[in-house]
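Peer 1: Please see the structure below; I have some questions.
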Amino acid sequence: MSVILFAFVVRVRDGLPLSASTDFEHNRELQQRKQQIKTISKALARFPDRGTIKGQELNIYFVSSEGVSYMTVCHCSLPVAKAFCFLEDLRWEFTACFKSTVVALAARPYPFLEFDSIIQKLKQQYNHSGGPALEVTLAEVQEELRIHPPQVINLDEVELTNGTANGHMEQGPGSGQNQRLEPVTAPGILSLVLNIMCASLNVIRGVHLMEYTFQDDYESIWNVVAFLLAFACCVFQCHLYLFHSSLKKLKCFTLLSVVVLCNLHLLGLRNAWQLLFHVSVASLSTVLILTRKVQDRTSDCGV
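One point on numbering: in our numbering, the residue at position 104 of the sequence shown is 1013, and numbering is uninterrupted.
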């Protein structure tokens, strides 16, 4: 059984991928770890030079040196010292092949794909014979880990920090969001059309009532507020369906509650069927917003 499953070389300052091993395993947890490595690579500048991320069966280890980080996904049965021994060997090989100036000037992802063959060779040595180490011994690595143990990193913390640093916590239209929602469905299109219809009815009635109120009956001002507030809720429901947003569930139920309250207040100006129509449209939109999930992003270049 292979204990070293994947290796990844990345530039620390901006997370640019430099080289990665080619793998043919379709382990579900491995695919998740590879996605997590991409997340971690964007936050490496805020972490120490050596770290560990624990998983169910697969762990992530990384070592950073001279602006480059060497990362690997290993089976949990592999001793920690041996995993870091592999990373040290990987570091020696990479620094022997590429100067720091070349790495610093790299502008596109995976500029050193030819290094993949060396990664594969090292993986094979460790998976089939347990080594050997090229420039360091297992005893040296064990002693270094005893003196300076790697930091155990919480992945949830990494994702939160990384999202905040890159401005991706709240995604809005026109913000170039990284998170994409699943494609719009036929029921979704129907809910958008109905919401637009409800919004139009609310704003037309609100404006008309506003003209009448300002002329004769100032006591009806709250009816105007209810119409315009219901109009705003319809618009925001369309926005929530079309674009990814944080705290989506809270916003959905708040909007639905406001629509229901506004229509209850307008009970004298609308009959029961009209009230049922507006509340039903808002309820349908709420269900569709909550069930429209973020689309899974496939890995870049097989990583």
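Note that beta-carbon positions come from the ideal geometry of N, C-alpha and C, so glycine has one too.
As the structure is a prediction and not an experimental result, all values here were calculated from the model.
1) Name the DSSP bridge partner or partners of Q1060?
2) Pull up the DSSP beta-bridge partners for C983, would you.
3) Out of H1187, S1154, S1155 and K1157, which has the shortest C-alpha to C-alpha gap to F1140?
4) At which residues does the alpha helix (DSSP H) containing A1005 begin and terminate?
5) So A1135 is in the alpha helix (DSSP H); what residue range does that whole segment cover?
6) Helix, strand or coil for A929? Go by DSSP, reduced to three states.
7) To the nearest angstrom, how far is the alpha carbon of L996 from that of V989?
8) Report buried or exposed for V1196, applying the criterion of at least 16 other Cβ atoms within 10 angstroms of its Cβ.
9) From what residue to what residue does the alpha helix (DSSP H) around H1174 run?
10) Answer with buried or exposed for F993, where buried requires no fewer than 16 other C-beta atoms within 10 angstroms of its C-beta.
11) Only counting the same chain, and skipping five residues up and downstream in sequence, which positions put a Cβ closer than 7 Å to that of N1036?
12) Could you tell me the alpha carbon to alpha carbon distance between P1092 and L1199, rounded to whole angstroms?
13) Compare the Cα-Cα distances from I1028 to each of K1202, V1168 and F917 and report the closest residue.
Peer 2: Working from what's here:
1) For this step, residue 1060 is matched to residue 151 along the sequence shown. According to DSSP, residue pairing for Q1060 in a beta bridge involves G960.
2) The residue labelled residue 983 in the question sits at position 74 within the sequence shown. Its beta-bridge partners are I913 and N968.
3) On the sequence shown, position 231 is the one that residue 1140 refers to. Distances from the CA of F1140 to each of H1187, S1154, S1155 and K1157 were compared; the closest alpha carbon is that of H1187.
4) Indexing the sequence shown from 1 puts residue 1005 at position 96. Here the alpha helix (DSSP H) through A1005 covers V989 to C1006.
5) Here residue 1135 refers to the residue found at position 226 when the sequence shown is read from its first residue. For A1135, the enclosing alpha helix (DSSP H) stretches over residues I1130 to L1151.
6) For this step, residue 929 is matched to residue 20 along the sequence shown. Strand, per DSSP.
7) Mapped onto the sequence shown, residue 996 falls at position 87. Mapped onto the sequence shown, residue 989 falls at position 80. Roughly 11 Å between the two C-alpha positions.
8) Locating residue 1196 in the sequence shown gives position 287, counting from the first residue. Flag for V1196 reads exposed.
9) Here residue 1174 corresponds to residue number 265 of the sequence shown, with the count starting at 1. That run of the alpha helix (DSSP H) goes K1157 to H1174.
10) What you label residue 993 is simply residue 84 of the sequence shown in a count that begins at 1. With 16 or more Cβ atoms within 10 Å of its Cβ, F993 is classed as buried.
11) Indexing the sequence shown from 1 puts residue 1036 at position 127. These residues qualify, in order along the chain: S911, V912 and I913.
12) Working through the sequence shown from its first residue, we reach residue 1092 at position 183. Working through the sequence shown from its first residue, we reach residue 1199 at position 290. Taking the straight line from one Cα to the other gives about 14 Å.
13) If you number the sequence shown from 1, residue 1028 lands on position 119. That would be F917, whose Cα lies nearest to the Cα of I1028.
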